[in-house]
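Reviewing the structure listed below.
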Amino acid sequence: MHNFGTFFCLWVLAACILWQGSFAKDQSGYICLIDDPKQNQCDSYCLTELSPRLNKVVKAQNKGNTNTRNAANEIKSKLERLELKIEEVQAKLPLEVYTKLEGQLQGVETKLESQQTKMEAKLDDSLLAVKTKLEGQQVILTKLEDFQAKLEASLLAVQTKLEAQHQAVVNQLQAMSNDKKDAAEGSQLQAKSNKTAVPQQAPKAEVPASSTITIPSGFELIETRYFIIVNELVDWETAERRCRKMGGYLASFRNEEEINAITPKLDWPAYWLGINDRDNEGHFVSVASHKPAPFLKWKEEQPSDLYHEENCVNLYDGKMWDTDCNVSSLFICQADNET
Numbered sequence: 134m135h136n137f138g139t140f141f142c143l144w145v146l147a148a149c150i151l152w153q154g155s156f157a158k159d160q161s162g163y164i165c166l167i168d169d170p171k172q173n174q175c176d177s178y179c180l181t182e183l184s185p186r187l188n189k190v191v192k193a194q195n196k197g198n199t200n201t202r203n204a205a206n207e208i209k210s211k212l213e214r215l216e217l218k219i220e221e222v223q224a225k226l227p228l229e230v231y232t233k234l235e236g237q238l239q240g241v242e243t244k245l246e247s248q249q250t251k252m253e254a255k256l257d258d259s260l261l262a263v264k265t266k267l268e269g270q271q272v273i274l275t276k277l278e279d280f281q282a283k284l285e286a287s288l289l290a291v292q293t294k295l296e297a298q299h300q301a302v303v304n305q306l307q308a309m310s311n312d313k314k315d316a317a318e319g320s321q322l323q324a325k326s327n328k329t330a331v332p333q334q335a336p337k338a339e340v341p342a343s344s345t346i347t348i349p350s351g352f353e354l355i356e357t358r359y360f361i362i363v364n365e366l367v368d369w370e371t372a373e374r375r376c377r378k379m380g381g382y383l384a385s386f387r388n389e390e391e392i393n394a395i396t397p398k399l400d401w402p403a404y405w406l407g408i409n410d411r412d413n414e415g416h417f418v419s420v421a422s423h424k425p426a427p428f429l430k431w432k433e434e435q436p437s438d439l440y441h442e443e444n445c446v447n448l449y450d451g452k453m454w455d456t457d458c459n460v461s462s463l464f465i466c467q468a469d470n471e472t
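So for the sequence shown, the working numbering puts the first residue at 134; every next one is plus one.
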């Protein structure tokens, strides 16, 4: 501000010099004329007139400087107060934030612990339900195992009983066969004795060809030959063995009359016969005579030899079929081995 006053004073002096005029005296005062060479020139007058004005300028400058200093002091004081408030806020802020965050964390932790407790309770309930279900299944499994064991024991007992009964029947049949044989031998001896006692020749009578052989027990005369129908489900080879044990052979027929005569006596659709082509495919022979079967009465489209596994013959509803020898059927035996 002081520099501005000095600059203003110098500017006024320079203006007076440049004008080079003088002040002419008139009714209202002096006029400075530039071209006037007299002593009433403006240099001394100018200084006289400007001095008070310059003083006012200096005073105003000093007052402005004072106001400026006051304003600066006030601003400084406000800044200091603001800094104090900022420091107070900064000092309070971390504690409040920490307290708030701690409260939030405590709430989150409490909520998580509650959820964990609920989940653990649900998990315990689920595990208990699964355990209960498994225990129930184990009980059922134990009962099933006990039932299976009892069933196997019952089946074993039934099987043992059936085998014993079967053996008893076989033994009885064998005994009956032996008794029949003994009776036949006794009859033959009696006949020879009668022939010795009576030398004349008995008259000839026409008798069946099978009358020259011993007829096993249980066989009955059908047409001119003896047969027995066995109601036992077995495979072909077993049927052959059963017939041999009974003193006969798996049956073959000489003609259609024999088939027609025996068919009404059959209670089951299928019965094993002694006819087969096991040794030579397509050449059917009798197991009794080992000769070609004398009579065959095939069902339509038979023999089919399906998969080349049908090598044994059974009688089904009055007609012959080639069948797998491992199939179970009832069977018919004949007493002679001529057919």
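For glycine and all other residues, C-beta sits at the position ideal for the given N, C-alpha and C.
{"Check": "Starting from residue 456, trace the beta strand (DSSP E) in both directions and tell me its first and last residue.", "Outcome": "452-457"}
{"Check": "Taking C-alpha atoms, which residue in 416, 200, 433 lies nearest to residue 426?", "Outcome": "416"}
{"Check": "Count the other CB atoms within 10 Å of the CB of residue 237; is the residue buried (16 or more) or exposed (fewer)?", "Outcome": "exposed"}
{"Check": "Identify which residue in 440, 430, 271, 465 has its Cα closest to the Cα of residue 421.", "Outcome": "465"}
{"Check": "At the level of alpha carbons, what is the spacing between residue 461 and residue 394?", "Outcome": "24 Å"}
{"Check": "What are the partner residues of residue 403, as DSSP defines its beta bridges?", "Outcome": "449"}
{"Check": "For residue 448, does the count of other Cβ atoms within 10 angstroms reach 16, so buried, or fall short, so exposed?", "Outcome": "buried"}
{"Check": "With DSSP run on the structure shown, which of helix, strand or coil describes residue 411?", "Outcome": "coil"}
{"Check": "Around the C-beta of residue 132, are 16 or more other C-beta atoms found within 10 angstroms, so that it is buried, or is it exposed?", "Outcome": "Only positions 134 to 472 of the chain appear in this structure, which leaves residue 132 out of reach."}
{"Check": "Can you look up residue 419 in the DSSP assignment and give me helix, strand or coil?", "Outcome": "strand"}
{"Check": "I'd like the ranges of any beta strand (DSSP E) spanning at least 3 consecutive residues and lying wholly in the segment 200-241.", "Outcome": "none"}
{"Check": "Where does the unbroken alpha helix (DSSP H) through residue 391 begin, and where does it stop?", "Outcome": "389-395"}
{"Check": "Go ahead and pull the three-state DSSP assignment for residue 273.", "Outcome": "helix"}
{"Check": "Helix, strand or coil: how does DSSP classify residue 464 here?", "Outcome": "strand"}
{"Check": "Identify, in the order they occur along the chain, each residue of the same chain with its Cβ nearer than 7 Å to the Cβ of residue 430, setting aside the five sequence neighbours on each side.", "Outcome": "389, 392, 452, 453"}
{"Check": "Alpha carbons only, please: which of 407, 467, 203 is nearest the one belonging to residue 356?", "Outcome": "467"}
{"Check": "What is the DSSP secondary structure of residue 429, reduced to helix, strand or coil?", "Outcome": "coil"}
{"Check": "Would residue 446 and residue 408 be called neighbours here (beta carbons separated by less than 8 Å)?", "Outcome": "yes"}
{"Check": "Nearest to residue 459 by alpha carbon, out of 471, 352, 442, 469?", "Outcome": "442"}
{"Check": "Consult DSSP for residue 443 and reduce its assignment to one of helix, strand or coil.", "Outcome": "strand"}
{"Check": "For residue 386, name the three-state secondary structure that DSSP assigns.", "Outcome": "coil"}
{"Check": "Since I believe residue 386 is in contact with residue 428 (beta carbons under 8 Å), could you give me their beta-carbon distance rounded to a whole number of angstroms?", "Outcome": "5 Å"}
{"Check": "Taking all protein chains shown into account, do 16 or more other C-beta atoms lie within 10 angstroms of the C-beta of residue 436, making it buried, or fewer, making it exposed?", "Outcome": "buried"}
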